[in-house]
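These protein sequences, in sequence, are chains A and B.
When you read off a place in the first sequence, starting at 1, and then add 44, the result is the number in the numbering used here.
When you read off a place in the second sequence, starting at 1, and then add 197, the result is the number in the numbering used here.
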Amino acid sequence: MDRNRRPRQRYRQQSSVLSSRFSVLSHRHDTIHLDYSRVQGAIELVDVVRHFGRFAALRGISANLDSGKLHVILGDNGAGKSTLLRVIAGLLAPTRGRVAVLGTTNLRSVAPQVGFMAHAPLLYDELSAMENLRYFAALYGIYDHQRCAQAIRSVGLDPELTRRVGQYSQGMRQRISLARAVLHDPKLLLLDEPFSNVDVHSARDMARLLGGMRDQGRTIVVVTHQAAIMEPVADESIVMAEGRIVAKERGIPVHLLATQGATR
Amino acid sequence: MSQLVAVARRTLIKDLRLEWRSKDAINSMLFFSLLVVVIFSFSFDPTAEESRRIAGGLIWVAFLFASVVALNQTWARELRNQVLDAYRISPAPANSLFIAKAVGNFLLVTLLEALMAPLFVVFYNLRSIGPEYQLVLVTVLATWALVVNGTFFAAISIRTRSREIMLPLILFPISIPALLAMVDATTQILTGESSPWFWIQLLAVYDVVFTTACLMLFETVLNAE
């Protein structure tokens, strides 16, 4: 029992140190006074609260994520990272607060400009990679098969492969999922644990790919436990704990690499 | 409008391809219907006249129960790997998904009916006294009545824990007017005793009302958490 508590206590101590040392966003509702009309970020969150029954997964999140940058969200399991990403994607409505994406609170209207990769692959196991992508491209009004093939090639796979997605390894499915998320050329890319079950070499390739997309002007938000993989390309890291943002920093500082996944 | 039709067409093709490869729904429906036909024919051993009187109820109750299997499968495959989320965040119209699912279920249940009809004729020694073209009309309207509500309520019940129980609990009470109309219309045609047109018109009205209601409400159901 005591052994289980120690890492969390240590993390809390580190979080409080981080809070005092870096550009901290307070989680207290009464201290947030963002002038919403002036904010120019790709994502603007104002006092966002999300409850699941009586459990508060997000407790007054306020942040402004700049456009054209690669943001990495870090934190322990249950910190609210995935919930936050789903709220930004419009898959979950906040219980309270305001979410603006690409300058509008009408998230439906910016759907064509948002790419989303969830923890699950969001692919049909019985279809091949190309069949999956052709279907999802059609949802965005894209009927150019070459574009789907190019998206598959961009993640290092062969579009000619006829194997069904269910027969691929978890890592390859993650790559196809990334291809699905980017095939409509979104301005904002939201990725939830894109490197889970991906070998380190492939994960680094994917991180480089994300860095390249950021350089082309896209805004990217990555939720991950593997901070070290994102370290070379990350512009900003956001640390969450217990449904709150406890720190927001440039890049991924060394001390966060030690606490937030040591995969190198 | 063109996007609505284009996405619905793509979704329908995708669903039919998935069903062709997995055969989850059609196999379950076929075995269930086959069991009903065989068990009832051995249980009752009716004469030709009795068959004509009970066949309407028997056929449609068998198809109603069998279609529940397909209806649950339709949405279950969208929840595997959370694929439905990919649809929800896309700009594709919600009603494209509903139309594709309803038409896909309609085709599956119609295929089931086409395969099972000869067996019903053989096992129950059925011969229609009324005009047979009316049976085709009743079949089309009744099948649509089953699947349009079924697709809608399956979308609601799919996220509940006991969805296999939940769907019949919601669907069957609301299908009672349609079930009454399809059974009576079929019986009137088979026995030739009176005109089935009142029941056929009731089925048509039921279809129009519930199709409209489902189309109006589906986006809310799709985005419900």
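Built from N, CA and C at the ideal position, the CB exists for glycine as well.
Can you give me the start and stop residues for the beta strand (DSSP E) that A/R142 sits inside? R140 to V145
Best match in B/T348, B/G347, B/V380 and B/A314 for proximity to B/S230 [C-alpha to C-alpha]: B/A314
State the CB to CB distance for the pair A/P230 and A/Q157, rounded to an integer number of angstroms; the pair is presumed to be in contact (CB under 8 Å). 5 Å
By how many angstroms is the C-alpha of A/L183 removed from the C-alpha of B/L332? Their Cα atoms are separated by approximately 38 Å.
In chain order, what are the residue ranges of uninterrupted alpha helix (DSSP H) at least 4 long that sit wholly in the segment 161–210 of chain A? 173–183 and 189–198
Using the C-alpha atoms, what's the distance from B/R358 back to B/I367? One C-alpha to the other measures close to 14 Å.
Quick one, are the C-beta atoms of A/H95 and A/I264 less than 8 Å apart? no
In terms of alpha-carbon separation, which member of A/G112, A/S111, A/G124 and A/Y179 lies closest to A/H269? Ranked by Cα distance from A/H269, the first of A/G112, A/S111, A/G124 and A/Y179 is A/G124.
Quick one: is B/I286 buried, meaning 16 or more other Cβ sit within 10 Å of its Cβ, or exposed? That one is buried.
Is the beta carbon of B/V337 closer than 8 Å to that of B/M379? The Cβ atoms of B/M379 and B/V337 do not sit closer than 8 Å to each other.
Whole-number beta carbon distance between A/L89 and A/I105, since they are thought to touch under 8 Å: 5 Å
Bounding residues of the beta strand (DSSP E) (the contiguous stretch that carries A/E88): I87 to F96
Terminal residues of the continuous alpha helix (DSSP H) containing B/T417? It spans W394 to N420 - the alpha helix (DSSP H) in which B/T417 sits, taken as one unbroken run.
On the criterion of 16 or more Cβ atoms from any shown chain inside 10 Å, does B/Y330 qualify as buried, or is it exposed? exposed
Interface residues of the segment 248–277 of chain A facing chain B [CB-CB below 8 Å]: none
From which residue to which residue does the alpha helix (DSSP H) around A/A16 run? As displayed, chain A neither begins before 45 nor continues past 308, which places residue 16 of chain A out of reach and without an answer.
Would you say B/F407 and B/N322 are within 8 Å of each other, going by their C-beta atoms? No. Outside cutoff.
May I have the straight-line CA-CA distance separating B/W341 from A/R258, to the nearest angstrom? Going from the Cα of B/W341 to the Cα of A/R258 covers about 49 Å.
Cutting at 6 Å between CB atoms, please list the residues of its own chain near A/A251, excluding the five before and the five after it. Closer than 6 Å at the Cβ level, and outside the excluded window around A/A251, lie I273, M274 and V277.
Inspect the beta-carbon positions of A/L136 and A/A86 and report whether they are closer than 8 Å. no
In whole angstroms, give me the CA-to-CA distance for A/G215 and A/I186. 26 Å
Are the segment 303–320 of chain B and the segment 384–400 of chain B in contact at 8 Å, needing three or more beta carbon pairs? no
Looking at A/S198 and A/L253, is the spacing between their C-beta atoms short of 8 Å? yes
So, is the C-beta of A/V226 closer than 8 Å to a C-beta in chain B? no
I'd like the span of the beta strand (DSSP E) that includes A/F99, first residue to last. F99 to L109
Contacting positions in the segment 203–216 of chain B - beta carbon closer than 8 Å to chain A: A203, V204, R207, T208, K211, R214 and L215
B/V344 vs B/A311 beta-carbon contact at 8 Å: no
Measuring CB to CB, does B/F237 end up less than 8 Å from B/L255? yes
Where A/R328 sits in the DSSP three-state scheme: Within the shown structure, residues of chain A are numbered from 45 to 308, placing residue 328 of chain A beyond reach of any answer.
Between B/Q270 and the rest of its own chain, which residues show a CB-CB distance below 6 Å, the 5 nearest in sequence each way excluded? D221 and A222
A/A101 CB to nearest chain B CB: under 8 Å? no
Taking the alpha carbon of A/G200 as the point to measure from, which residue in A/A181, A/L234 and A/R248 has its own alpha carbon closest? Out of A/A181, A/L234 and A/R248, A/R248 has the C-alpha closest to the C-alpha of A/G200.
Against chain A, does B/Q270 count as a neighbour if the rule is that its beta carbon must be under 8 Å from one of theirs? no
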